[in-house]
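Position one of the sequence shown corresponds to residue 11 (my numbering), numbered consecutively onward.
Just so you know, even glycine gets a beta-carbon here, dropped at the ideal spot from N, CA and C.
None of the values given here were measured: they were computed from a predicted structure.
Encoded as structure tokens, the structure appears first; notes follow it.
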Amino acid sequence: MDILSFASSKPFTMGIELELQLVNRRNYNLATDALDLLAWIKPRDLQKQIKLEITQGMIELNSAIHTRVDELVEELQQLRSALIDVAQHVNIDVAGGGAHPFQNWSEQRITPSERFNELHKKYGYLAKTFTVFGQHIHIGVENGDDALYLTHGFSRFVPHFIALSAASPFYQGVDTAFDSSRSNVVRAFPLAGTVPLLTRWKDFEAYYEDLCNIGIIGSMKDFYWDIRPKPEYGTVEIRVCDTPLTLEHAALLGCYAQLLARWILTERPFVIDDNFYLLYQYNRFEASRYGLDGMIALPTNEQTPESQKQAIFASVLDRLQDLKRYAQNDAEQLALMRLRHMAYERVNDAAWLRKTFKQRGSLNDVMRISSELWMKHTSPPYFH
Numbered sequence: 011m012d013i014l015s016f017a018s019s020k021p022f023t024m025g026i027e028l029e030l031q032l033v034n035r036r037n038y039n040l041a042t043d044a045l046d047l048l049a050w051i052k053p054r055d056l057q058k059q060i061k062l063e064i065t066q067g068m069i070e071l072n073s074a075i076h077t078r079v080d081e082l083v084e085e086l087q088q089l090r091s092a093l094i095d096v097a098q099h100v101n102i103d104v105a106g107g108g109a110h111p112f113q114n115w116s117e118q119r120i121t122p123s124e125r126f127n128e129l130h131k132k133y134g135y136l137a138k139t140f141t142v143f144g145q146h147i148h149i150g151v152e153n154g155d156d157a158l159y160l161t162h163g164f165s166r167f168v169p170h171f172i173a174l175s176a177a178s179p180f181y182q183g184v185d186t187a188f189d190s191s192r193s194n195v196v197r198a199f200p201l202a203g204t205v206p207l208l209t210r211w212k213d214f215e216a217y218y219e220d221l222c223n224i225g226i227i228g229s230m231k232d233f234y235w236d237i238r239p240k241p242e243y244g245t246v247e248i249r250v251c252d253t254p255l256t257l258e259h260a261a262l263l264g265c266y267a268q269l270l271a272r273w274i275l276t277e278r279p280f281v282i283d284d285n286f287y288l289l290y291q292y293n294r295f296e297a298s299r300y301g302l303d304g305m306i307a308l309p310t311n312e313q314t315p316e317s318q319k320q321a322i323f324a325s326v327l328d329r330l331q332d333l334k335r336y337a338q339n340d341a342e343q344l345a346l347m348r349l350r351h352m353a354y355e356r357v358n359d360a361a362w363l364r365k366t367f368k369q370r371g372s373l374n375d376v377m378r379i380s381s382e383l384w385m386k387h388t389s390p391p392y393f394h
């Protein structure tokens, strides 16, 4: 029996996970009410989709599996309504965003569970600094070999996902000068980074078995890679996104991943060789630091005599234009249009958060308005 058999799933289906902030209504610092909130969730079956996270100021929202982005939005709105009802009952608010702007990591409380306690014991203070908030996107694939190819292929678009989702310019009370400060927190873990350069699932199984035997890992959950295969779900998981300020924005990112997957697995545009990740760290930094204004270095085969780099917003626009032929319905066409607007205008949630702070002069107010944005169905800020 295979040690890590890959559970086949319907190709190009998608689901997302959102790590959300729970904030008190006094000063909009992180609350510690996740346990109370979960206990009041109704109907009880929703506890399968609304879950605890490593510290008690966080809650995770999990969608079902979808083929259409409009159906994903509809379900997320229903989950939001259920979550808001309970949050109001326990007198807290809920917000998106990749990092709380002024929480102190040392004040966070680890959620009581065997796994979270083990992580705290193993990683020390890093476990509490992991009180940052990300969106994870799952895309269905048919087999393990396809999953590895898609994992590598997605890596070329990590700057796109970071820049489009960036929503953590403030951290520990200061403007970090990064659009996504959350990206730096995640990178501190020893098993972060990129999947090894393997292209056959049987080779990945051998690699996994070796690390298990050495005692480095106990399951796939121990890999904090930016993108990783999830064999138990039959998916590839993108993990680099900040949690956006609105559900609608999160759904756009899920749709983008779905369209990219159709293109990557249909056309197989990449050769996975020893130099495949040569520019990865540089390009990832540019997206985290500068967002859509960052400059990514191009692989040799994509360079021109005029340019060896390209602005991230321009790279996004080029890819969106090419993906139009993979859009299968009006909802996907609308998602592409909204993503094009973001890229063309070079706006993301980080820009909105900075603009709001400049207007209000208070990070407490920024969090209050952010929570209103998430809870009250306000139009996404990047459409203003």
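Cross-strand partners of residue i (DSSP beta bridge)
i    : result
W235 : G203
I102 : N34
E117 : Partner(s): none; E117 has no beta bridge.
H170 : For H170, which the question treats as bridged, DSSP gives no partner whatsoever.
M305 : A321
I60  : L71
L40  : V33
H76  : M24
K240 : T245
Cβ-Cβ separation, residue j to residue i (assumed contact under 8 Å), whole Å
i    : j    : result
Q113 : N39  : 6 Å
T209 : Y159 : 7 Å
D55  : V100 : Incorrect: roughly 20 Å between the Cβ atoms, too far for contact.
P21  : L275 : 7 Å
H148 : T245 : 4 Å
A267 : M24  : 7 Å
Buried or exposed by the 16-neighbour rule on C-beta atoms within 10 Å, applied to residue i
i    : result
W50  : exposed
H162 : buried
L201 : exposed
Q57  : exposed
G228 : exposed
N285 : exposed
E312 : exposed
E242 : exposed
D95  : exposed
R238 : buried
A198 : exposed
Span of the alpha helix (DSSP H) around residue i
i    : result
R125 : E124 to Y133
R192 : R192 to V196
L269 : L257 to E277
E215 : W211 to I224
K368 : D359 to R370
S298 : Y290 to Y300
Q338 : Here Q338 belongs to no alpha helix (DSSP H), and DSSP marks it neither H nor E.
Assigned secondary structure, residue i (DSSP; H/G/I helix, E/B strand, else coil)
i    : result
H162 : helix
I227 : coil
Y181 : strand
E27  : strand
I282 : coil
L71  : strand
E382 : helix
G150 : strand
Q343 : helix
Extent of the continuous beta strand (DSSP E) to which residue i belongs
i    : result
R249 : T245 to D252
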